[in-house]
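A.B. asks:
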Amino acid sequence: MRIKVLTLLVVLSMVFAIAACGQPAQQATTAAATTAAATEAATTAAATESATTEAATTTAAAAAATTAAAATTTAAAATTTAAAATAAAETQSDLPPYEITYYMYCTRSSDQVDTVEQAINDIIGPMFNATIDFIMITGADWDTKALVPLRAGEKIDIFWTPEWMHYMSNINNGSLMKLNDPSGPYGDLLHTYAPQTVIDLGSFIPANQVGGFNYAVPTNKELCVPGGLVFNLDYVEKYNIDIAAINDYGDLEPYFEMFKEENPGFFPLLATTGWSWKSPFIQGFMNNMSPISIRIGEPGARNGEPEFTWEAPELHEHIQWMDKWYKQGYINPDSQLKTYSTIDEMNAGQFLVTFDIVLKGGQVKSKELEGQSGNPDLRLIEIQTSASINVTTHAGGSMLGIPITSRDPARAMMYIDQMHQNEELLNVMAWGVAGTHYDLDGRGMVVPKPMNGWSDSHGGMWTLGNQFKQLLNANEDPEKYIQMMELTEEAWDHESLGFRFSQEGFESEYAAIYSISDSLEKGIVSGVNAAMLPDIIAQYKAAGVDKVLDAAKAAYAAWKAEVY
Numbered sequence: 208m209r210i211k212v213l214t215l216l217v218v219l220s221m222v223f224a225i226a227a228c229g230q231p232a233q234q235a236t237t238a239a240a241t242t243a244a245a246t247e248a249a250t251t252a253a254a255t256e257s258a259t260t261e262a263a264t265t266t267a268a269a270a271a272a273t274t275a276a277a278a279t280t281t282a283a284a285a286t287t288t289a290a291a292a293t294a295a296a297e298t299q300s301d302l303p304p305y306e307i308t309y310y311m312y313c314t315r316s317s318d319q320v321d322t323v324e325q326a327i328n329d330i331i332g333p334m335f336n337a338t339i340d341f342i343m344i345t346g347a348d349w350d351t352k353a354l355v356p357l358r359a360g361e362k363i364d365i366f367w368t369p370e371w372m373h374y375m376s377n378i379n380n381g382s383l384m385k386l387n388d389p390s391g392p393y394g395d396l397l398h399t400y401a402p403q404t405v406i407d408l409g410s411f412i413p414a415n416q417v418g419g420f421n422y423a424v425p426t427n428k429e430l431c432v433p434g435g436l437v438f439n440l441d442y443v444e445k446y447n448i449d450i451a452a453i454n455d456y457g458d459l460e461p462y463f464e465m466f467k468e469e470n471p472g473f474f475p476l477l478a479t480t481g482w483s484w485k486s487p488f489i490q491g492f493m494n495n496m497s498p499i500s501i502r503i504g505e506p507g508a509r510n511g512e513p514e515f516t517w518e519a520p521e522l523h524e525h526i527q528w529m530d531k532w533y534k535q536g537y538i539n540p541d542s543q544l545k546t547y548s549t550i551d552e553m554n555a556g557q558f559l560v561t562f563d564i565v566l567k568g569g570q571v572k573s574k575e576l577e578g579q580s581g582n583p584d585l586r587l588i589e590i591q592t593s594a595s596i597n598v599t600t601h602a603g604g605s606m607l608g609i610p611i612t613s614r615d616p617a618r619a620m621m622y623i624d625q626m627h628q629n630e631e632l633l634n635v636m637a638w639g640v641a642g643t644h645y646d647l648d649g650r651g652m653v654v655p656k657p658m659n660g661w662s663d664s665h666g667g668m669w670t671l672g673n674q675f676k677q678l679l680n681a682n683e684d685p686e687k688y689i690q691m692m693e694l695t696e697e698a699w700d701h702e703s704l705g706f707r708f709s710q711e712g713f714e715s716e717y718a719a720i721y722s723i724s725d726s727l728e729k730g731i732v733s734g735v736n737a738a739m740l741p742d743i744i745a746q747y748k749a750a751g752v753d754k755v756l757d758a759a760k761a762a763y764a765a766w767k768a769e770v771y
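For the sequence shown, the numbering used here gives the first residue as 208, with consecutive numbering after it.
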């Protein structure tokens with residue numbers, strides 16, 4: 208029974224979440240609310256069979272089926288969850304003070320951290336006597352400034368750990384706690400302190416389990432994240448570009464030339480390693496093993512096999528074009544640097560098109576990027592170019608784990624739960640402080656203040672709690688969440704959905720291969736160091752990529768035989 212059921216339940220859970228958006232924020236950490244939510248989890252475990260049957264016919268049953276999907280994964284523990292949640296709620300007001308250290312992904316540094324922290328402390332202090340300490344780190348610095356402290360054993364309570372950024376290695380090296388282990392030292396944190404969040408997440412809970420355990424809590428967001436192109440709408444209109452007619456590399460060249468002649472100090476193409484708009488491979492097939500992937504294929508296909516992507520002719524063609532465009536001055540020479548990000552040029556509107564963004568349906572991503580930019584004049588337009596598919600990496604595209612170094616895992620889980628249940632806290636995290644970082648228009652939609660230092664600096668709405676409960680930007684379509692749901696409904700499950708490769712036994716190969724990717728891949732794929740293509744292939748071979756590939760083929764074949 209497997210992933211098709213999971214995908215349906217993701218869609219249904221989105222419907223349930225959207226319906227809940229207009230309701231007052233749930234205070235799950237109060238005794239009454241926590242008891243009610245936990246009791247519901249226990250009750251729905253017994254009702255799973257009948258709820259699933261009804262799901263196909265009525266909206267009410269759809270919500271019940273979503274609830275049942277989440278409850279089924281822990282049916283054995285559900286009867287004790289209610290009592291544990293009640294006891295937890297009764298003691299939260301008596302807890303000693305505690306500072307929650309949260310390692311948070313951001314796009315750039317913020318000078319508004321203290322202001323936002325104080326607003327959040329005013330919310331969580333009376334609830335469970337805690338304060339928050341955000342450690343904001345960019346993607347470029349994540350390995351050195353986040354992973355190093357994590358693995359060095361520093362005190363960390365909440366840690367951003369998406370599927371595609373060291374999730375499996377963080378599990379394999381013992382850095383993350385099991386969050387739903389009744390026999391663990393802290394018990395079943397997930398169901399004790401976040402029972403309603405488990406219900407709301409539905410199939411995201413089982414989809415992100417490893418060996419039956421959840422090591423992180425996913426963001427409640429879309430499942431399908433296709434590739435495409437994001438254009439600067441000012442230049443699309445100025446050059447009269449039919450973006451729907453952009454089907455190949457050569458279709459972009461005339462517009463690059465126009466842009467460069469008009470803007471000699473800027474670069475028309477923002478691209479580092481992104482090429483999902485033309486790639487035949489799925490995104491993130493193997494966690495932190497970018498040289499190995501599997502082709503997108505066709506709906507219903509079951510004949511895929513892992514490949515070494517650097518020998519694929521499609522990637523070689525892409526690098527040839529990027530090499531040409533770099534030499535023509537269309538690509539920033541800094542694109543090769545690990546510390547370089549395209550975000551500043553995009554936010555300033557100093558570009559024509561970017562390859563580096565993945566989408567969410569409709570014009571959702573473009574509007575999100577506009578809202579986060581801090582630039583009220585930025586106008587973007589996107590077009591999807593790749594298939595709408597559901598893959599493992601996006602089921603866990605943004606997740607929060609609790610490291611083993613946390614000194615109060617219960618308090619950390621309480622906070623994560625509030626990110627999903629407490630709309631006031633969630634929107635402070637998303638938008639900052641009303642009047643300081645944003646205002647509301649007459650429709651109750653957010654008008655961010657230009658360069659406000661918060662919503663234009665953190666990692667994005669998709670990294671925060673329950674996205675379906677976040678206020679919308681005034682420039683966004685009021686039906687944004689419907690568009691996200693429609694994309695998920697349209698998408699088909701890739702044959703690999705649910706597969707995860709264990710790095711155990713290949714730690715040295717993984718370390719060597721990741722080091723090569725980290726130091727060379729960006730420069731080659733961006734075109735800046737395209738001449739090093741033969742070198743990176745040779746280095747990958749020497750590092751043992753073929754050994755890992757053979758193991759991946761065997762593991763994938765065994766997994767398919769079991770699942771299908």
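Note that beta-carbon positions come from the ideal geometry of N, C-alpha and C, so glycine has one too. Keep in mind it's a predicted model, so treat the numbers as computed, not measured.
Considering only the alpha carbon of each residue, which of K362, Y717 and N454 lies closest to T592?
C.D. replies: It is N454 whose Cα lies nearest to the Cα of T592.
A.B. asks: Can you list, in chain order, the stretches of the alpha helix (DSSP H) that have 4 or more residues and sit fully within the segment 551 to 590?
C.D. replies: For the segment 551 to 590, whole alpha helix (DSSP H) runs of length 4 or above, ordered along the chain, are 571 to 580.
A.B. asks: How big is the Cα-Cα spacing for Q625 and R315?
C.D. replies: Approximately 25 angstroms, taken between the alpha carbons.
A.B. asks: Flag this pair as yes or no: are the beta carbons of H373 and L386 separated by less than 8 angstroms?
C.D. replies: Taking 8 angstroms as the Cβ cut-off, H373 and L386 do not qualify as a contacting pair.
A.B. asks: Going along the chain, which residues of its own chain have a beta-carbon closer than 7 angstroms to the beta-carbon of A555, five neighbours each way excluded?
C.D. replies: Hits under 7 angstroms: N582.
A.B. asks: For S382 and P610, which I take to be in contact (beta-carbon distance under 8 angstroms), what is that distance rounded to the nearest angstrom?
C.D. replies: About 6 angstroms separates the two Cβ atoms, so the contact holds.
A.B. asks: Which of the three DSSP states is assigned to A758 in this structure?
C.D. replies: Reduced to three states, the DSSP call for A758 is helix.
A.B. asks: Got a sec? Which residues, its chain only, sit under 6 angstroms from H665 by beta carbon, not counting five neighbours each side?
C.D. replies: Excluding sequence neighbours, H665 sits near C313.
A.B. asks: Name, in chain order, the residues that DSSP records as bridge partners for W699.
C.D. replies: DSSP lists I596 as partners of W699.
A.B. asks: Buried or exposed: where does A271 fall if 16 or more other Cβ atoms within 10 Å of its Cβ makes it buried?
C.D. replies: Note that A271 scores 35 on pLDDT, short of 50, meaning its location in the model is unreliable and no value can be drawn from it.
A.B. asks: Compare the C-alpha of P513 against each of L756, F366, A765 and E769 and name the closest.
C.D. replies: Ranking the options by Cα distance to P513, first place goes to L756.
A.B. asks: Quick one: residues in its chain with C-beta nearer than 6 angstroms to the C-beta of T546, no 5 flanking neighbours on either side, listed in chain order?
C.D. replies: Same-chain partners within the cutoff: A347.
A.B. asks: Let me know the secondary structure DSSP gives H644 once reduced to three states.
C.D. replies: Coil at H644, not helix or strand.
A.B. asks: At what residue ranges does the segment 362 to 410 contain a whole run of the alpha helix (DSSP H), taking only runs of 4 or more?
C.D. replies: With a minimum length of 4 residues, the continuous alpha helix (DSSP H) runs that stay inside the segment 362 to 410 are 374 to 379, 396 to 400 and 402 to 408.
A.B. asks: Per DSSP, F438 forms a beta bridge with which residues?
C.D. replies: Answer is V560 and I588, bridged to F438.
A.B. asks: I need the straight-line Cα distance from Y393 to Q403, nearest angstrom please.
C.D. replies: Rounded to the nearest angstrom, the two C-alpha atoms are 19 angstroms apart.
A.B. asks: In three-state DSSP terms, what is N634?
C.D. replies: Three-state DSSP puts N634 in a helix.
A.B. asks: Quick one: residues in its chain with C-beta nearer than 6 angstroms to the C-beta of I623, no 5 flanking neighbours on either side, listed in chain order?
C.D. replies: So the qualifying residues of the chain are V424 and L607.
A.B. asks: Where does P356 fall in DSSP's three states?
C.D. replies: In this structure, P356 counts as helix in the three-state DSSP scheme.
A.B. asks: If you reduce the DSSP assignment to three classes, tell me which class E524 lands in.
C.D. replies: Reduced to three states, the DSSP call for E524 is helix.
A.B. asks: Measuring alpha carbon to alpha carbon, tell me which of D388, M496, I689 and K485 ends up nearest I503.
C.D. replies: Ranking the options by Cα distance to I503, first place goes to K485.
A.B. asks: Could you give the distance in angstroms between the alpha-carbon of I743 and the alpha-carbon of F708?
C.D. replies: Approximately 23 angstroms, taken between the alpha carbons.
A.B. asks: State the Cα-Cα distance for the pair A761 and K754, rounded to the nearest angstrom.
C.D. replies: Computed Cα separation, rounded: 11 angstroms.
A.B. asks: With 16 as the cutoff for other CB atoms within 10 Å, does N551 come out buried or exposed?
C.D. replies: Residue identity differs from the one stated: residue 551 is Asp in this sequence, not Asn. Counting Cβ neighbours within 10 Å, D551 comes out exposed, since fewer than 16 surround it.
A.B. asks: Beta-carbon separation of V635 and F438 under 8 angstroms?
C.D. replies: Cβ distance not < 8 angstroms, so V635 and F438 don't count as in contact.
A.B. asks: Taking DSSP's pairing of strands, which residues face M343 in a bridge?
C.D. replies: In DSSP, M343 forms a bridge with M311.
A.B. asks: For the candidate residues V443, K748 and T368, whose alpha-carbon lies nearest to that of E589?
C.D. replies: Among V443, K748 and T368, the Cα nearest to that of E589 belongs to V443.
A.B. asks: Within a Cβ cutoff of 8 angstroms, which residues of the same chain sit near D449, ignoring the five residues on either side of it in sequence?
C.D. replies: Excluding positions up to five away in sequence, the list is empty.
A.B. asks: Determine which residues share a DSSP beta bridge with P425 and list them.
C.D. replies: Paired residue(s): M606.
A.B. asks: Excluding the 5 residues flanking Y717 on each side, which residues of the same chain have their C-beta closer than 6 angstroms to its C-beta?
C.D. replies: Result list for Y717: Q710, in chain order.
A.B. asks: So does the segment 680 to 689 actually touch the segment 411 to 421, counting three or more Cβ pairs closer than 8 angstroms?
C.D. replies: Counting Cβ pairs under 8 angstroms, fewer than three are found: no touch.
A.B. asks: Which residue marks the beginning of the alpha helix (DSSP H) containing V732, and which one marks its end?
C.D. replies: Unbroken alpha helix (DSSP H) run through V732: K729 to V732.
A.B. asks: Is it true that the segment 556 to 576 meets the segment 328 to 342, where meeting means three or more beta-carbon pairs spaced less than 8 angstroms apart?
C.D. replies: No, they do not touch.
A.B. asks: How about the segment 487 to 496 and the segment 712 to 727: do they share at least three Cβ pairs that are nearer than 8 angstroms?
C.D. replies: Enough Cβ pairs lie closer than 8 angstroms, so yes.
A.B. asks: Let me check one thing: in DSSP terms, what residues is V654 bridge-paired to?
C.D. replies: Bridge partners of V654: D646.
A.B. asks: Return helix, strand or coil for S500, following the three-state DSSP convention.
C.D. replies: Residue state, collapsed to three classes: strand.
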